[in-house]
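Heads up: the structure comes next, in structure tokens.
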Amino acid sequence: MENKEKPVNGKAIPLHRIWTIVGITALVLVALLLSWKAVQVFLFILAGVIISIYFHGFARLIGRTIKLAAKWSLVASVLINIAFLLGISYLIGSRVANEAVQFSEQVPDLIADAKKYIQQTETLKSVYQKLQSSEMLQKVTPILSGFFNSTLGFFGDIYVVLFIGVFFTATPEVYKKGMVKLLPAQARDEGRRIIDLIAGNLRSWLKGMLFSMFVVFVLTSIGLLSLGIELWLILALIAGLLSFIPNFGPVMALIPAVLVALSQSPTAVLWVVLLYSLVQLVESNFITPLVQQELIKTPPALIIISQVFTGIWLGAWGVVLATPILVIVMVLIDELYIKKQDIK
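Residues 70 to 413 (my numbering) make up the sequence shown, in order.
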């Protein structure tokens, strides 16, 4: 049987080579489609890696403090964190749970009160109507809807992430060696170095974020308690947790606080907005520069761009993990492209 050939630019290409190219192209397209559909799995893996980095980072601190072997430091790290969570749950868990239930029950009434107050105030009514008809609101709505639609299953996803984090914490070297083996033999040493560099940068970023979250929680608790705002503990906890999300987190934390304050008095709303603005001012101008001595410096504009992009594409998990994704991408670009160009 003759091997038919197709003439291309005056040259003949064997038919089997054409079929090979078509087959490879089809496989690449299928792989890209599967990657697109399964991208949330990679986000779960990244979240599990961050949990593992936290436990191992805390274990290093224990090992340096009391000169304990690495294996036992890791065990101590896990046990101390479990004991801490159980202790917090025992001390304030019932209060937080009661306030959370109370807040969730009050949300419809709080929203109704807010709408009623807006309709009664001409200035706010005018601003509200302009926002409803503005193009800005139309652009922001898909981002918010994507975020909150994904959030419906967010707490269910945490169950999966915790299991992934536990396995990564127990045997991180197994997974690291597996990733390195996927690389060509000549690139494995560099791959191992880059993985360690990414882990170090994520560890530094995580230390800074945890410190920032704790400070925001403490300052917000003191402020809300001083203002006599109801449900102050759950509101401060929300503010501390959402400060994990740069830029958008503080704004999201302000919404429930304003709703609760509005149920008390319009003056309380002004004080709450002022309090949250001051806390954000302290966090962005004093805490962040302080912790950036330990952080990989990420330009604020790039963080916002990555949050918008990942929020539209990936929903809640994309917004939450936008900064660590950016940290990883910056390390890869710096190590695999910029430094090589500088050498050339």
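For every residue, glycine included, the Cβ atom is placed at its ideal position computed from N, Cα and C.
Quick caveat, the model's predicted, so the values are computed rather than measured.
Endpoints, alpha helix (DSSP H) assigned at E242
Indexing the sequence shown from 1 puts residue 242 at position 173. Per DSSP, E242 belongs to the alpha helix (DSSP H) from P241 to K250.
Would you give the residue range spanned by the alpha helix (DSSP H) that I356 belongs to?
Residue mapping note: residue 356 aligns to position 287 of the sequence shown, counting from 1. Segment: none, I356 is in no alpha helix (DSSP H) and carries neither H nor E.
Quick one: any contact between the segment 294-309 and the segment 324-333, if contact means 3 or more CB pairs under 8 Å?
yes
Identify whether N316 lies in helix, strand or coil by the three-state DSSP scheme.
Within the sequence shown, residue 316 is the residue found at index 247, counting from 1. Three-state DSSP puts N316 in coil, outside helix and strand.
Figure out for me which residue from V110, N167 and V284 has the closest Cα to the Cα of V230.
Sequence index remark: in the sequence shown, residue 230 carries index 161 (1-based). Here the closest residue by C-alpha is V110.
Is DSSP giving L137 helix, strand or coil here?
For this step, residue 137 is matched to residue 68 along the sequence shown. Note: L137 maps to coil in three-state DSSP.
Would you please state the rounded distance, in angstroms, between the beta carbons of V398 and N270? I believe it to be under 8 Å.
As a working mapping, residue 398 is identified with position 329 in the sequence shown. As a working mapping, residue 270 is identified with position 201 in the sequence shown. 11 Å between Cβ atoms; not a contact.
Suppose the cutoff is 8 Å on Cβ atoms and the five residues either side in sequence are ignored; what does the same chain contact list for V342 look like?
Counted from its first residue, the sequence shown places residue 342 at position 273. Closer than 8 Å at Cβ, skipping near neighbours: L323 and V327.
Quick check: A391 and T379, are their CB atoms within less than 7 Å of each other?
The residue labelled residue 391 in the question sits at position 322 within the sequence shown. The residue labelled residue 379 in the question sits at position 310 within the sequence shown. Cβ distance < 7 Å, so A391 and T379 count as in contact.
Could you give the DSSP three-state label for K408: helix, strand or coil?
Mapped onto the sequence shown, residue 408 falls at position 339. In this structure, K408 counts as helix in the three-state DSSP scheme.
Taking the C-alpha atoms as reference points, what is the distance between T94 and Q410?
Indexing the sequence shown from 1 puts residue 94 at position 25. Indexing the sequence shown from 1 puts residue 410 at position 341. In a straight line, the C-alpha of T94 is about 30 Å away from that of Q410.
What is the residue span of the alpha helix (DSSP H) that S334 lies within?
Taking the first residue of the sequence shown as 1, we reach residue 334 at position 265. Unbroken run through S334: none, as it is neither H nor E.
Between the alpha carbons of P393 and K184, how many angstroms are there, rounded?
Start at 1 with the first residue of the sequence shown, and residue 393 comes out as number 324. Start at 1 with the first residue of the sequence shown, and residue 184 comes out as number 115. Cα to Cα, the separation comes out at about 37 Å.
Between which two residues does the alpha helix (DSSP H) holding G297 run?
By one-based count along the sequence shown, residue 297 stands at place 228. Run containing G297: none; DSSP gives neither H nor E here.
What separation, rounded to the nearest whole angstrom, lies between the Cα atoms of T220 and S312?
Stepping through the sequence shown from its first residue, residue 220 is reached at position 151. Stepping through the sequence shown from its first residue, residue 312 is reached at position 243. Note that T220 scores a pLDDT of 45, beneath 50, so its modelled location is shaky; the value from the coordinates is reported in the next line. For T220 and S312, the distance between alpha carbons rounds to 17 Å.
Expressed to the nearest angstrom, what Euclidean distance is found between the alpha-carbon atoms of F317 and T357?
Within the sequence shown, residue 317 is the residue found at index 248, counting from 1. Within the sequence shown, residue 357 is the residue found at index 288, counting from 1. Distance between the alpha carbons of F317 and T357: 16 Å.
CB-CB under 7 Å to I131, same chain, minus the five flanking residues each way: which ones, in chain order?
By one-based count along the sequence shown, residue 131 stands at place 62. Around I131: L137, S142, A145 and S146.
Mind checking which residues open and close the alpha helix (DSSP H) that includes P368?
As a first step, residue 368 must be located in the sequence shown, where it is residue number 299. Unbroken run through P368: none, as it is neither H nor E.
Leaving out five residues before and five after I372 in sequence, what residues of the same chain have Cβ atoms less than 8 Å from its Cβ?
Stepping through the sequence shown from its first residue, residue 372 is reached at position 303. These residues qualify, in order along the chain: P315, N316, A391, T392 and L395.
Runs of alpha helix (DSSP H) wholly within the segment 85-133 (minimum 4 residues, chain order)
none
Using alpha carbons as the reference points, say which of I180, L148, F232 and V118 lies closest to S332.
In the sequence shown, counting from the first residue as 1, residue 332 sits at position 263. With distances taken between Cα atoms, S332 lies closest to I180.
Please list, in chain order, all residues of the same chain as L155 whose beta carbon is under 6 Å from its beta carbon, the five residues on each side excluded.
Along the sequence shown, one-based indexing puts residue 155 at 86. Closer than 6 Å at the Cβ level, and outside the excluded window around L155, lies no residue.
Could you tell me how far apart the beta carbons of V338 and L288 are, in whole angstroms, since I believe they sit closer than 8 Å?
One-based indexing of the sequence shown puts residue 338 at position 269. One-based indexing of the sequence shown puts residue 288 at position 219. Going by Cβ atoms, the distance from V338 to L288 rounds to 19 Å, so no, they are not a contact pair.
Count the other CB atoms within 10 Å of the CB of W386; is the residue buried (16 or more) or exposed (fewer)?
The residue you call residue 386 lines up with position 317 of the sequence shown. Label assigned to W386: buried.
Inter-residue Cα distance where the pair is G117 and I87
Reading the sequence shown from its first residue, position 48 is the one you call residue 117. Reading the sequence shown from its first residue, position 18 is the one you call residue 87. The straight-line gap from Cα to Cα measures roughly 43 Å.
Any idea what DSSP makes of P393, helix, strand or coil?
Locating residue 393 in the sequence shown gives position 324, counting from the first residue. P393: helix per DSSP, three-state reduction.
Any beta carbon of chain B sitting closer than 7 Å to that of A181?
Within the model displayed, chain B is absent; a lone protein chain is all it includes.
Buried or exposed by the 16-neighbour rule on C-beta atoms within 10 Å, applied to G384:
Along the sequence shown, read from residue 1 onward, the residue named residue 384 stands at position 315. Looking at its Cβ environment, which holds 16 or more other Cβ atoms inside 10 Å, G384 is buried.
CA-CA distance, I381 and S375?
For the purposes of this step, residue 381 is taken as the residue at position 312 of the sequence shown. For the purposes of this step, residue 375 is taken as the residue at position 306 of the sequence shown. Answer to the nearest angstrom: the Cα atoms are 10 Å apart.
Short Cβ contact (7 Å threshold) for T240 with S121:
Position 171 of the sequence shown holds residue 240. Position 52 of the sequence shown holds residue 121. In this structure, S121 does not lie closer than 7 Å to T240 by Cβ.
Check whether the Cβ of A330 sits closer than 6 Å to any heavy atom of the ligand SAM, and report yes or no.
You won't find the ligand SAM in this model; it holds no ligand whatsoever.
Straight-line CA distance for S290 to V243?
The count along the sequence shown starts at 1 and reaches residue 290 at position 221. The count along the sequence shown starts at 1 and reaches residue 243 at position 174. When rounded, the distance between both Cα atoms is 42 Å.
With a cut-off of 8 Å, do at least 3 Cβ pairs link the segment 271-282 to the segment 246-263?
no
Quick one: residues in its chain with C-beta nearer than 8 Å to the C-beta of I149, no 5 flanking neighbours on either side, listed in chain order?
Taking the sequence shown and counting its residues from 1, one reaches residue 149 at position 80. Hits under 8 Å: F127 and I131.
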